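Heads up, the thing below is written out as structure tokens.
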Amino acid sequence: MNLLILFFSLLVHANNSEIKELEIVDFKSIKNVLESDGLKDEAEKKLKEAESRKKSLEEEKRSLYDIPNEESFWPLMNDYWLVKKASLLKWNFTYPHYDLEETFKKFLEQMGFYEVQFKILILNTPTITHFSLPASKENNIVFLLSLPFLRTMDLSKQEMALLLFEDFLRAKKEIFKSFLSQHKLLKELGKNLLDSKLTKQDFDDLLKKYDEMIFERGFNFEEQFLVTKEMKQYLRGNEKLFKVYLGLLQKIDDLCKNNSLYKEYPRIYRSPELQRGWLLSKD
Amino acid sequence: MNYKILVLLLSLYTCKTFAKKTEKIFYSYYNKTFGHLHQNPSKYSSSLTTITCNQGMKVLEEKVSVENSKEIWQKVKIGPYEGFVQKKHTDQKWNKKKCVQDRYPRVFDLLELKISDFHYWGLLYDHYLLEKSEIQ
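The listed protein sequences derive, respectively, from chains A and B.
So in the numbering used here, the last spot in the first sequence is 1353, and the numbers never skip.
So in the numbering used here, the last spot in the second sequence is 171, and the numbers never skip.
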């Protein structure tokens, strides 16, 4: 019996070693077969796919840290400034609809400016009389207009449109933008936060520069001269409009001299009296 | 005879139910940074809730503004609220690229907006008078 068991165990051992021998396959000998199967190409393709998927995922992750380009930045910054200044500028108030946007749209078309997208925000404060905020090219310009200022002067729609057009030319000349151009934040536009060290403080500093321009600096004599000369060129062909513009400047000049609320106006826009002089000069 | 009347009534009821089921439902998506769902079709009307860009809304009907006949408002349903948003502030298609907070989320986080900022930012788009000059 014992002998029989020994015999069988030897037989099983012999079979096992035979299987192990078979398992050691020489892959070199079947390399050609594998290559002709296209398995290698398939493996390479899958590897490339995995790599590109990994790369696009990394890019997507990185894009979360993108800093807006110029086109997206100005609307964002203008909104942010207006939101932060909401209590001072008092733009959240009730007023009748004057259809001012339609009037100005027609005025721009009359002056030959097409496809210009703009926003007008009416303010219930004399702190800012009228102003245009920075914009990318000629588009998405935000105009601020004070209702107390318009009412005090009892302006017609045409006069309001002329006032807005003057601000439009200022925005077109990018005077406000060039005043801000040296700010750190503006040099980082279109880049990535991971490569720069921008903080909230940089945004707050830019808001302060907005305040400085709008409430203190305004436009110097040279800038005002250039804007007035351009106004003169646009209105040259239309005597009626030219007279309305002259009358408007006279009204503003009188207001600044007689109403203490608006005595700071010539410090921001230098000065309605000089502007009239430039318009009437023969050159 | 009674059987015929019963069949007729039953078929009429089925038609009515089917018509109700196939009624088209419109959805729109808010396309400004922030906004408000107003109680009435007016920018001065009180706010029911603040909404953010790409907020989906079920459109119920359209109405003309009380103050400005050119302003069209949509009566919409957002969650439990039924209110109004300006039609020009909505799109029929969802688009991630139009929302500044989705395109530049980390920069937007840097601003550290407060609740009052969200509120005013929403109101800002109601108060902007938007226009675009065109070639006639």
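By construction, the Cβ of each residue, glycine as well, lies at the ideal position given by its N, Cα and C atoms.
The model shown is predicted, which means the values in this text are computed figures rather than measured ones.
Using a CB distance cut-off of 8 Å, Tyr1280 (chain A) does not count as an interface residue toward chain B. When 7 Å is used as the limit between beta carbons, Leu1134 (chain A) is near these residues of chain B: Pro140, Arg141, in chain order. A straight-line Cα-Cα distance of about 44 Å links Gln1252 (chain A) and Pro76 (chain B). Within the DSSP bridge table, the entry for Gly91 (chain B) names B:Tyr64 as partners. Chain-ordered listing is empty here: chain A has no CB closer than 8 Å to the CB of Asn130 (chain B), the nearest sitting near 14 Å.
Selection B:His162, B:Thr68, B:Lys167, B:Tyr163 evaluated against Phe1177 (chain A) yields B:Lys167 as nearest (Cα-Cα). Its chain contains Tyr1165, Ile1192, Leu1193, Asn1194 as the residues whose beta carbon lies nearer than 7 Å to that of Leu1217 (chain A), once the 5 sequence neighbours on both sides are disregarded; these appear in chain order. Between the beta-carbon of Tyr62 (chain B) and that of Lys93 (chain B) there is about 6 Å, and that keeps the pair under the 8 Å contact cut.
In this structure, Thr125 (chain B) keeps its C-beta atom at 8 Å or more from the C-beta atom of Gln136 (chain B). Counting other Cβ atoms within 10 Å of its Cβ, Lys1189 (chain A) reaches 16 or more and is therefore classed as buried. Under the criterion of beta carbons closer than 8 Å, Glu169 (chain B) and Glu1185 (chain A) qualify as touching, at roughly 7 Å. Burial is judged here by how many other beta carbons sit within 10 angstroms of a residue's own beta carbon; Ser1202 (chain A) has at least 16 and is buried. Listed along the chain, the chain A residues whose CB falls inside 8 Å of the CB of Asp152 (chain B) are Val1153, Lys1154. Listed in chain order, the non-local C-beta contacts of Ser81 (chain B) below 6 Å within the same chain comprise Gln74, local neighbours out to five positions each way being set aside. Exposure of His1167 (chain A) is indicated by the presence of fewer than 16 other C-beta atoms within 10 angstroms of its C-beta.
Residues of the segment 66-96 of chain B with a C-beta less than 8 Å from any C-beta of chain A: Thr68, Tyr79, listed in chain order. Taking C-beta atoms as the reference points, Thr68 (chain B) and Asp1149 (chain A) count as a pair closer than 8 Å. Inside the segment 1174-1236 of chain A, DSSP marks whole alpha helix (DSSP H) runs of 4 or more residues at positions 1217-1223, from first to last along the chain.
Here DSSP, grouped into helix, strand and coil, assigns Asn1328 (chain A) to helix.
Below the 8 Å Cβ cutoff, chain B contributes no neighbours of Tyr1335 (chain A), its closest Cβ being approximately 23 Å away. Judged by DSSP secondary structure, Val135 (chain B) falls within the alpha helix (DSSP H) whose first and last residues are 135-138.
Listed by position along chain B, the residues whose Cβ is nearer than 8 Å to that of Asn1162 (chain A) are Tyr155, Leu158, His162. The C-beta of Gln109 (chain B) comes no closer than 8 Å to any C-beta of chain A. Each residue's CA atom was taken as its position, placing Trp156 (chain B) and Lys1270 (chain A) some 18 Å apart.
A check of alpha carbon separations from Gln1187 (chain A) across A:Asp1169, A:Ile1338, A:Phe1213, A:Thr1197 identifies A:Phe1213 as the nearest. With a threshold of 8 Å between beta carbons, Tyr1332 (chain A) makes no contact with chain B.
Within the segment 1239-1282 of chain A, complete alpha helix (DSSP H) segments of at least 4 residues are found at 1245-1250, 1254-1257, 1270-1281, given in chain order. Here DSSP, grouped into helix, strand and coil, assigns His73 (chain B) to strand. A check of alpha carbon separations from Glu1244 (chain A) across A:Leu1109, A:Leu1318, A:Phe1285, A:Leu1296 identifies A:Leu1296 as the nearest. For the segment 1225-1243 of chain A, the set of residues with a beta-carbon nearer than 9 Å to any beta-carbon of chain B is empty. The straight-line gap separating the alpha-carbon atoms of Ser1142 (chain A) and Leu1264 (chain A) is approximately 19 Å.
About 7 Å separates the Cβ atoms of Tyr1335 (chain A) and Ile1322 (chain A), confirming a contact at the 8 Å cut-off.
According to DSSP, Trp108 (chain B) shares a beta bridge with B:Lys98, B:Gln121.
With its beta carbon at least 8 Å from every one in chain A, Gln121 (chain B) lies outside the interface. With distances taken between CA atoms, Lys1278 (chain A) lies nearest to A:Phe1249 out of A:Phe1249, A:Asn1262, A:Phe1174, A:Lys1098. Residue-level contact check: Ile1198 (chain A) does not touch chain B, since none of the beta carbons of chain B fall below 8 Å from its beta carbon.
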